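See structure below.
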Amino acid sequence: MTSNLKRRTFISLPIACGIAATAMSSVSAQGQKEQRKPEYDVIVVGGGYSGLSAAVAASRDGAKVLLIEKRGRTGGDGAISGGVFQTYRTPLHDKQGVTQNVGPEDYWNRFAKGLDDEPLQKVRDNTPNSPIYDGINKHNPEVIKKAALMSPEVMKFVMDYGIEFMQVNPNMPFRIAMVAGEPAKFAAAMLNELKERNVEIMRNTRVQSLIMDDGRVVGVNAEKKNGQKLAIYSKNVILATGGYINNEYLLKRYKRYWSALPSFITGLDDPTPKDRTGDGIMMGKAIGAALEDMESMAKFFSRPKAGTPPVSWLIVDVEPAYVVSQDGKRVTDENKARYSGICLDLIRAGYKHGYLIIGSDTVQGKNNRRFRLDDVIKGGGLFKGDTPEELAKQVGLDPKILRETIDRINKDAAAGKDTEFGRTDPFFKPLKAPYYISAPAYVGIYKTEGGLEVDPNFNVIRADNDQPIPGLYAVGAGCGSITSRHSEVVASGLIAGKHAAEQAKKN
Ligand SMILES: Cc1cc2nc3c(=O)[nH]c(=O)nc-3n(C[C@H](O)[C@H](O)[C@H](O)COP(=O)(O)OP(=O)(O)OC[C@H]3O[C@@H](n4cnc5c(N)ncnc54)[C@H](O)[C@@H]3O)c2cc1C
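Using my numbering, read the sequence shown as starting at 3 and increasing by one per residue.
Okay, here's the thing in structure tokens:
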């Protein structure tokens, strides 16, 4: 491999999802060395939040940028996401007078210990009952720290496009959600800026491999949907290709237990293309890049069958909401476990799905808009019942057991003592009749963490010597040195885009 890298080499990427790793190792040297002039300063591969922000940062710095996107649309998962950003003190906090204990040290202390956010809780040995490690397990925690501490700058970057956020929740001051509809607007706003800056955008084009010259990445090989093959040269390449929930090989190789769970975005039996295949990770791996955090727990969420409108279990962060299993019983402290931890606890108890229960005050309350509760009710995703028995009948649960569960919640919450799971949060309150119960929500994998290892400039590093691979960056959910949450995803794009543009000026 090393000797091949001395020449210009084309590293082929098996593009169909689920192709075995052995095919990955085919490396062919293509003829004599020829000097091709780079056509671009920066090629960004992938047009999700990380790729768009990288392209914006590079073009703002005067770089000639090409953005290549395999789908017909840009925006990636960010555009369809819940739009929750992690950050410490911003003008939004100041406006609401939430100014105590929300500084960078407060944020980093919680962040580093994994206290504020379940994605930093890793199950490392691929079994559901293995201990959860709280905190950062990165080779170089400085990378994630740099991205995390940039979060107020990220918030400014987002809000400068006119994107609106909900009120800061003083109980969870480090998480701020966008207003419904804004996640897609943010992606569209970045795209508009790129167009205004005359950045070239090539859609329906899949990058398949990296072109190397003397140990340096000098371009990409790509294929358009119509079969046309392209070799495009650039001073720098930023891989922003996202996670790998649809890459059977990577899931089985690194997340053995979790690979048996369904992976979906819109719901169980998701009809959307299974194209979250970690292409950048595979391309980097093929040229000897280091990977990190690949064994971290896959991230779960719950969704009903595709076509049924969902109520996100993020609602447990901000409302009195409870989740019961197929047996009609609670499985955990919902607020502490959060959406993904509830899923893990359901899996641990042997269940495949659960049901969310809320009261009428939530349906009539201020979070109705954020969770589109009226639309979910109209669409058949949330059912009403005056009594627990009526509620149980709506979804086929045992009425007697559900009655016992709801009576116990209401009694415990009125007394301020959760006798089952010890909930102590301010949303541990009685449910107000009439009650609402969701359609069954199935547990599945919706995103991964782990990917290419980078240095603090988001330059990808080699596995054999820990040195940066010149010309190659990795950002977003395909970068293993950060988490796959918006704040760090966007921060990584901004850092890498700027750095790549600066490097291009020097080369
Ligand atoms: C339903 C849902 C809700 C979420 N909610 C939140 C939330 O509230 N808060 C939060 O912090 N995170 C959330 N996340 C996670 C977050 O959205 C993602 O981790 C983040 O958006 C990833 O951005 P990205 O740019 O790294 O990758 P992606 O958004 O996956 O973008 C990658 C892009 O690269 C393209 N691409 C891939 N391979 C190639 C190739 N070979 N050639 C060319 N193009 C390629 C893809 O088509 C895609 O457009 C959510 C995710 C989902 C699915």
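A virtual CB, placed ideally from N, CA and C, is assigned to each residue, including glycine.
Remember, it's a predicted structure, so these values are computed and weren't measured experimentally.
Original post:
From which residue to which residue does the alpha helix (DSSP H) around S132 run?
Top reply: Here residue 132 refers to the residue found at position 130 when the sequence shown is read from its first residue. Where S132 is concerned, there is no enclosing alpha helix (DSSP H), because DSSP gives it neither an H nor an E.
**OP:** Look at the Cβ atom of G85, then the Cβ atom of A150, and state whether they are nearer than 8 Å.
**Re:** As a position in the sequence shown, residue 85 is number 83, starting the count at 1. As a position in the sequence shown, residue 150 is number 148, starting the count at 1. When the beta-carbon positions are compared, G85 and A150 stay at least 8 Å from each other.
Original post:
To the nearest angstrom, how far is it from the Cα of D319 to the Cα of F423?
Top reply: The count along the sequence shown starts at 1 and reaches residue 319 at position 317. The count along the sequence shown starts at 1 and reaches residue 423 at position 421. Just so you know, the alpha carbons of D319 and F423 end up roughly 16 Å apart.
**OP:** Select from R372, T485, D347 the residue whose C-alpha is nearest the C-alpha of P133.
**Re:** Along the sequence shown, read from residue 1 onward, the residue named residue 133 stands at position 131. In this structure, D347 is the residue among R372, T485, D347 with its C-alpha nearest to the C-alpha of P133.
**OP:** Return yes when the Cβ of G282 is within less than 8 Å of the Cβ of L454, no when it is not.
**Re:** Locating residue 454 in the sequence shown gives position 452, counting from the first residue. Locating residue 282 in the sequence shown gives position 280, counting from the first residue. Less than 8 Å separates the beta-carbon of L454 from that of G282.
**OP:** Assign Q34 to buried or exposed, taking buried as 16 or more other Cβ atoms, counted over all protein chains shown, within 10 Å of its Cβ.
**Re:** Here residue 34 refers to the residue found at position 32 when the sequence shown is read from its first residue. Interpretation of Q34 is limited by its pLDDT of 48, a score under 50 that renders its predicted location unreliable; no figure is taken from the coordinates.
**OP:** Keeping to the same chain, check which residues put their C-beta closer than 7 Å to that of C345; ignore five residues upstream and five downstream.
**Re:** The count along the sequence shown starts at 1 and reaches residue 345 at position 343. Once the five neighbours on either side are set aside, the close Cβ partners of C345 are F302, F303, S304, V445.
**OP:** Using 10 angstroms around the beta-carbon of K148, count the other beta-carbons present and answer buried if the total reaches 16, otherwise exposed.
**Re:** In the sequence shown, residue 148 corresponds to position 146, counting from 1. For K148, the number of other beta carbons within 10 angstroms of its own is at least 16, and it is reported as buried.
Original post:
Under a three-way DSSP split, which group does P472 fall into?
Top reply: For this step, residue 472 is matched to residue 470 along the sequence shown. Correct three-state label for P472: strand.
Subject >> 6 Å CB neighbourhood of G367 in its chain, flanking five on each side removed >> reply: Looking up residue 367 in the sequence shown gives position 365. Contacts found: none.
Original post:
Under the criterion of a Cβ to heavy atom distance below 7 Å, does Y448 qualify as lining ligand 1?
Top reply: Position 446 of the sequence shown, counting from 1, holds the residue named residue 448. Y448: yes, Cβ under 7 Å from ligand 1.
Original post:
In whole angstroms, what is the alpha-carbon distance linking M26 and T279?
Top reply: Looking up residue 26 in the sequence shown gives position 24. Looking up residue 279 in the sequence shown gives position 277. Because the pLDDT at M26 is just 29, under 50, the model does not fix this residue reliably, and the value given afterwards should be weighed accordingly. Going by the C-alpha atoms only, they are around 14 Å apart.
Original post:
With T407 and G330 assumed to form a contact (beta carbons below 8 Å), what rounded beta-carbon distance in angstroms separates them?
Top reply: Your numbering for residue 407 matches position 405 in the sequence shown. Your numbering for residue 330 matches position 328 in the sequence shown. Indeed, because the Cβ distance is near 6 Å, the residues count as touching under 8 Å.
Original post:
Mind checking whether the beta-carbon of V397 lies closer than 7 Å to any heavy atom of ligand 1?
Top reply: Position 395 of the sequence shown, counted from the first residue, corresponds to residue 397. No, ligand 1 has no heavy atom inside 7 Å of this Cβ.
Subject >> Beta carbon of F429 nearer than 8 Å to that of P322 >> reply: If you number the sequence shown from 1, residue 429 lands on position 427. If you number the sequence shown from 1, residue 322 lands on position 320. It is a contact, given that the beta carbons lie within the stated cut-off.
Original post:
Got a sec? Which residues, its chain only, sit under 8 Å from A435 by beta carbon, not counting five neighbours each side?
Top reply: By one-based count along the sequence shown, residue 435 stands at place 433. Cβ neighbours of A435 within its own chain (closer than 8 Å, five residues either side excluded): G361, S362, D388, T389.
Subject >> Within 8 Å, strictly: CB atoms of R177 and Q102 >> reply: Numbered from its first residue, the sequence shown carries residue 177 at position 175. Numbered from its first residue, the sequence shown carries residue 102 at position 100. No, they are not a contact pair.
Subject >> Spatial neighbours of A22 in its chain, beta-carbon cut-off 7 Å, leaving aside the 5 residues before and after >> reply: Locating residue 22 in the sequence shown gives position 20, counting from the first residue. Any answer about A22 is weak, because its pLDDT of 28 lies below 50 and its placement is not dependable; what the coordinates show is given next. These residues qualify, in order along the chain: Y251.
**OP:** Confirm, please, whether the CB-CB distance from M285 to S211 is below 8 Å.
**Re:** Translated into the one-based positions of the sequence shown, residue 211 becomes position 209. Translated into the one-based positions of the sequence shown, residue 285 becomes position 283. Result yes, Cβ atoms of S211 and M285 sit closer than 8 Å.
Subject >> Alpha-carbon spacing of Y109 relative to K115, whole angstroms >> reply: The sequence position of residue 109 within the sequence shown is 107, counting from 1. The sequence position of residue 115 within the sequence shown is 113, counting from 1. Y109 and K115: Cα-Cα distance of roughly 10 Å.
Original post:
Between which two residues does the alpha helix (DSSP H) harbouring E270 extend?
Top reply: As a first step, residue 270 is located in the sequence shown; it is residue number 268 there, counting from the start. Sequence check: residue 270 is Leu here, not Glu. Neither: L270 is in no alpha helix (DSSP H) and is coded neither H nor E.
Subject >> I82: CB within 7 Å of a non-hydrogen atom of ligand 1 >> reply: As a first step, residue 82 must be located in the sequence shown, where it is residue number 80. In terms of side-chain proximity, the C-beta atom of I82 is found nearer than 7 Å to a non-hydrogen atom of ligand 1.
Subject >> When R255, E391, H488, N461 are compared against L241, the one with the closest alpha-carbon >> reply: In the sequence shown, counting from the first residue as 1, residue 241 sits at position 239. The residue with the shortest Cα to Cα distance from L241 is N461.
Original post:
Does DSSP put K254 in a helix, in a strand, or in coil?
Top reply: Taking the sequence shown and counting its residues from 1, the one referred to as residue 254 is at position 252. The DSSP-derived three-state label of K254 is helix.
Original post:
Below 8 Å, can you find three or more Cβ-Cβ pairs linking the region 497-508 to the region 52-67?
Top reply: Three or more pairs of CB atoms, one per stretch, sit closer than 8 Å, so the region 497-508 contacts the region 52-67.
Subject >> Per-residue DSSP class, three states only, for G387 >> reply: Taking the first residue of the sequence shown as position 1, residue 387 is located at position 385. Note: G387 maps to strand in three-state DSSP.
Original post:
Is the closest heavy atom of ligand 1 to the C-beta of Y259 under 7 Å?
Top reply: Position 257 of the sequence shown, counting from 1, holds the residue named residue 259. Incorrect: Y259 has no Cβ contact closer than 7 Å to ligand 1.
Subject >> Cβ-based neighbour list, L399, same chain, cut-off 6 Å, excluding 5 preceding and 5 following >> reply: The count along the sequence shown starts at 1 and reaches residue 399 at position 397. Only G330 meet the Cβ criterion.
**OP:** Give the straight-line distance between the Cα atoms of T207 and R350, rounded to the nearest whole angstrom.
**Re:** Locating residue 207 in the sequence shown gives position 205, counting from the first residue. Locating residue 350 in the sequence shown gives position 348, counting from the first residue. Cα-Cα distance, rounded: 41 Å.
Original post:
Helix, strand or coil: which one does DSSP assign to S483?
Top reply: Counted from its first residue, the sequence shown places residue 483 at position 481. Coil at S483, not helix or strand.
**OP:** Determine the burial state of V492: buried for a count of at least 16 other Cβ atoms within 10 Å of its Cβ, exposed for fewer.
**Re:** Along the sequence shown, one-based indexing puts residue 492 at 490. Burial call: buried.
Subject >> Those runs of the beta strand (DSSP E) which lie wholly inside the region 330-396 and span at least 3 residues >> reply: Whole beta strand (DSSP E) segments, 3+ residues: 355-361, 384-387.
Original post:
Would the beta-carbon of S52 fall within 8 Å of that of S342?
Top reply: Indexing the sequence shown from 1 puts residue 52 at position 50. Indexing the sequence shown from 1 puts residue 342 at position 340. Not a contact, by the Cβ cut-off of 8 Å.
Subject >> Spatial distance of K237 from K257 (CA atoms) >> reply: Counted from its first residue, the sequence shown places residue 237 at position 235. Counted from its first residue, the sequence shown places residue 257 at position 255. Each residue's CA atom was taken as its position, placing K237 and K257 some 35 Å apart.
**OP:** Take I403 and list the residues in its own chain whose beta-carbon comes closer than 7 Å to its own, dropping the five residues that flank it on each side.
**Re:** For the purposes of this step, residue 403 is taken as the residue at position 401 of the sequence shown. Within the same chain, I403 has close Cβ partners D329, G330, K331.
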